[in-house]
Amino acid sequence: MKIEREQWQMIIALLVVGVVCTLLLATTNIFTRAPIAQAERQALMNALMQVLPEHQNDPLTDARSITLQGDTKPTSFYFSRNKRNAITAIAWQVTAPDGYNGSIHILMAVHPDGSINAIRITGHKETPGLGDGITKNQAWLDSFGDKSLHNADWAVKKDGGDFDQFTGATITPRAVVKAVKKGLTNYAIIKGKLFRLAQRNRSEASHAN
Amino acid sequence: MQTNANDVADIKKGEIFANGFWHNNAIFAQLLGMCPLLGVTTSAENGFWMGAATLLVLIASNLVVSLVRGAIPASVRIPAYITIIAAFVSIVEMSMNAWMHDMYLILGLFIPLIVVNCAILGRAEAFASKNTPINSLVDALAMGSGFTFALVLLGGVRELLGQGEIFGFDVFGADYPDVLMFILPPGAFIALGFILAGVNIINRHMQARKDQQAATLAQAAAPQTAEVQS
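So the sequence lines, in the order shown, correspond to chains A and B. The numbering of the first sequence is the numbering used here, which starts it at 196 and goes up by one. The numbering of the second sequence is the numbering used here, which starts it at 10 and goes up by one.
What follows is the structure, given as structure tokens:
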């Protein structure tokens with residue numbers, strides 16, 4: 196009988212601890228859900244501001260999702276527009292799956308004609324001091340500016356292309372160049388559809404006004 | 010370490026603090042919690058926020074474990090403590106994600122890993138489960154700030170030698186070449202080795218001074234025995 200009572204004590208103690216902790220976490224979740232979403236929006240907005248040219252619209256809401264061929268999840272495309280409501284650039288996230296250490300996430304923005312406005316690295320785990328030059332080497336990031344599928348060789352110089360590799364790090368820039376090139380290729384494929392969707396955004400916006 | 014001799018309780022809290030912050034420091038004395046130490050101490054700022062997150066978890070878990078210490082049967086105390094610690098780590102993680110998003114992205118995986126920082130379970134088991142909530146709180150403050158101090162020190166050394174900066178401020182000028190070794194994990198081991206050597210030197214000096222004081226005291230009381238001690 197005595198053993199049974201001790202077992203009950205154990206069960207009740209763990210049960211109470213579990214239930215109280217769960218309640219605590221649920222409460223925290225309720226209070227942090229909105230700020231987390233807001234922080235993620237803000238982070239995306241900051242990144243978009245860095246790659247898109249000056250604009251008169253809100254790219255966060257002026258966006259459309261398309262599932263690219265070979266992808267399972269849809270990709271969001273964000274538009275920037277000038278005063279006359281014409282699209283000046285389109286930004287979206289691409290992923291280089293073959294970085295030196297896991298995936299590299301890149302935000303790229305292209306002009307409607309398929310030339311690059313700017314690219315930024317939004318997430319990576321590359322080696323500090325070597326591969327992470329892709330985030331710190333501004334000149335290298337700028338070397339993507341105005342490049343398109345037609346006016347550049349999309350490979351690092353070591354492979355006979357136009358883009359610099361870094362001392363001691365070829366794999367990382369190679370992966371980025373490859374991913375951005377794939378992004379441009381995809382853009383050429385979906386361009387027509389994308390602009391039709393963007394047109395719909397514009398008419399919805401003018402309805403709202 | 011001079012404390013007010015009239016207040017017995019104060020001396021004890023001072024002792025708890027000195028123990029947690031220095032003599033029993035999770036990193037310098039016990040060499041616990043090496044995982045965040047190596048992973049995030051690439052800069053002083055990263056070290057500080059990692060330490061602060063750990064400090065918060067430690068305070069909350071020590072307090073709660075101490076409050077429930079009579080109610081939890083000894084045989085299930087470890088799973089109960091781990092559940093409590095994991096809950097607080099998740100709370101800290103969610104809060105950082107919400108209100109310190111940039112730092113959350115930098116520290117990333119190391120925040121949830123605070124759960125398995127044996128320094129925290131160690132304090133719950135070795136101290137909080139046997140002491141009053143107030144004393145456990147003091148212990149958590151001391152241990153946590155000692156841990157933070159160690160992380161900031163190591164992060165600062167690595168940031169200074171690796172990138173020539175402290176808390177992001179340029180110290181050695183823009184021409185300083187990044188010293189890769191200090192940015193990468195081996196640099197953490199090497200810098201930690203030198204810091205531990207420094208800590209040992211300080212401890213030896215403190216011990217020598219203490220011995221000297223004891224010797225002079227003993228000399229005053231009984232001149233014969235003093236020779237043995239010195």
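C-beta atoms are modelled at their ideal positions from N, C-alpha and C, and glycine is treated no differently.
Proximity of residue i and residue j at Cβ, strictly below 8 angstroms
i, j, result
"A/S275", "A/P254", "yes"
"B/F156", "B/I68", "no"
"A/G309", "A/L379", "yes"
"B/W108", "A/P323", "no"
"B/V166", "B/A200", "yes"
"A/F339", "A/V375", "yes"
"A/I358", "A/L325", "Rather than Ile, the amino acid found at residue 358 of chain A in this sequence is Phe. Their beta carbons are not under 8 angstroms apart, which means A/F358 does not touch A/L325 by this criterion."
"A/K320", "A/N296", "yes"
"B/A128", "B/M152", "yes"
"A/T365", "A/K353", "yes"
"B/F203", "B/L170", "no"
"B/G177", "B/E54", "yes"
"A/F272", "A/I282", "no"
"B/V73", "A/M205", "no"
"B/F26", "B/L160", "no"
"B/A96", "A/C216", "yes"
"B/I93", "A/V211", "no"
"B/G131", "B/L47", "no"
"A/L344", "A/A370", "no"
"A/N396", "A/D257", "yes"
"A/A238", "B/H110", "yes"
"B/M43", "A/T227", "no"
"B/L116", "B/V49", "yes"
"A/T317", "A/I329", "no"
Same chain only: Cβ atoms within 8 angstroms of residue i, ignoring 5 sequence neighbours per side
i, result
"A/K377", "V289"
"B/V101", "A62, L65, V66, I120 and I123"
"A/V372", "W349, A350, V351, G356 and F358"
"B/E245", "Outside the displayed range of chain B (10 to 239) lies residue 245 of chain B, so it cannot be described from this structure."
"B/M10", "In this predicted model, B/M10 has a pLDDT of only 39, less than 50, meaning its place in the structure is not dependable enough to derive any value."
"B/D184", "none"
"B/K139", "R78"
Check: residue i C-beta below 7 angstroms from any heavy atom of the ligand SAM
i, result
"B/N28", "Judged by which ligands are present, the structure shown has none, so any question about the ligand SAM falls away."
Outcome for residue i when other beta-carbon atoms lying within 10 angstroms are tallied against a minimum of 16
i, result
"A/N224", "exposed"
"B/S239", "Residue confidence for B/S239 is low, a pLDDT of 45 falling below 50, so the modelled location carries little weight; the figure read from the coordinates is stated next. Looking at its Cβ environment, which holds fewer than 16 other Cβ atoms inside 10 Å, B/S239 is exposed."
"B/S70", "buried"
"B/D148", "buried"
"A/P269", "exposed"
"B/V180", "exposed"
"A/M303", "buried"
"B/S75", "buried"
"B/P186", "exposed"
"A/I314", "buried"
"B/N214", "Residue identity differs from the one stated: residue 214 of chain B is His in this sequence, not Asn. Looking at its Cβ environment, which holds fewer than 16 other Cβ atoms inside 10 Å, B/H214 is exposed."
"A/I299", "buried"
"B/N209", "exposed"
"A/L336", "buried"
"A/S398", "exposed"
Proximal residues to residue i (C-beta, below 6 angstroms), its chain only, five neighbours per side dropped
i, result
"B/A18", "Here B/A18 scores only 48 on pLDDT, less than 50, and its place in the model should not be relied on; the value that follows carries that caveat. If we look at B/A18 and ignore the five residues flanking it on each side, it has no Cβ neighbours."
"A/N252", "R276"
"A/K342", "I311"
"B/P82", "none"
"A/D327", "E321"
"B/Y113", "M105 and N106"
"B/V98", "V66, I123 and V124"
"A/R259", "F272 and L392"
"B/S52", "G164 and E168"
"A/Q245", "R315"
"B/D16", "Note on B/D16: pLDDT 41, under 50, position unreliable in the model; no value is reported."
Contacts that residue i makes with chain C (C-beta to C-beta distance below 9 angstroms)
i, result
"A/L247", "This model lacks chain C altogether, as its protein chains are A and B."
Close-in-space but distant-in-sequence residues of the same chain around residue i (CB under 7 angstroms, 5 per side omitted)
i, result
"A/I261", "P269, T270, F272, I385, K388 and L389"
"B/G29", "D148, A151, M152 and G155"
"B/N33", "Q39"
Inset, instruction - Scan the segment 99 to 124 of chain B for residues whose Cβ lies nearer than 7 angstroms to a Cβ of chain A and list them as they occur along the chain. - result: S99, I100, M103, S104, N106, A107, W108 and H110
Legend entry - Against chain B: residues of the segment 211 to 232 of chain A by CB proximity under 7 angstroms: V212, G213, C216, L219, L220, T223, N224, T227, P230 and I231
Legend entry - Sequence ranges, beta strand (DSSP E) only - wholly within the segment 307 to 347 of chain A, length at least 3: Counting only unbroken stretches of 3 or more residues, the beta strand (DSSP E) elements lying wholly within the segment 307 to 347 of chain A are 311 to 318, in sequence order.
Inset, instruction - Could you list the residues in the segment 69 to 92 of chain B with a C-beta less than 7 angstroms from some C-beta on chain A, going in chain order? - result: A80, I81, P82, S84, V85, P88, A89 and T92
Legend entry - Segments assigned beta strand (DSSP E), at least 3 residues, entirely inside the segment 238 to 321 of chain A: Counting only runs of 3 or more, we get 258 to 261, 270 to 276, 282 to 294, 297 to 305 and 311 to 318.
Legend entry - Where the segment 354 to 388 of chain A meets chain B: residues whose CB sits under 8 angstroms from a CB there: none
Inset, instruction - Check distances from the C-beta atoms of the segment 46 to 59 of chain B to those of chain A and list, in chain order, the residues that come in under 9 angstroms. - result: T51
Legend entry - Positions along the segment 189 to 202 of chain B whose CB lies within less than 7 angstroms of some CB in chain A: L189, I192 and L193
Legend entry - Uninterrupted alpha helix (DSSP H) stretches inside the segment 53 to 80 of chain B (no shorter than 4 residues): 53 to 76
Inset, instruction - Report the residue ranges of all alpha helix (DSSP H) runs contained in full by the segment 89 to 118 of chain B; include only those spanning at least 4 residues, in chain order. - result: 110 to 116
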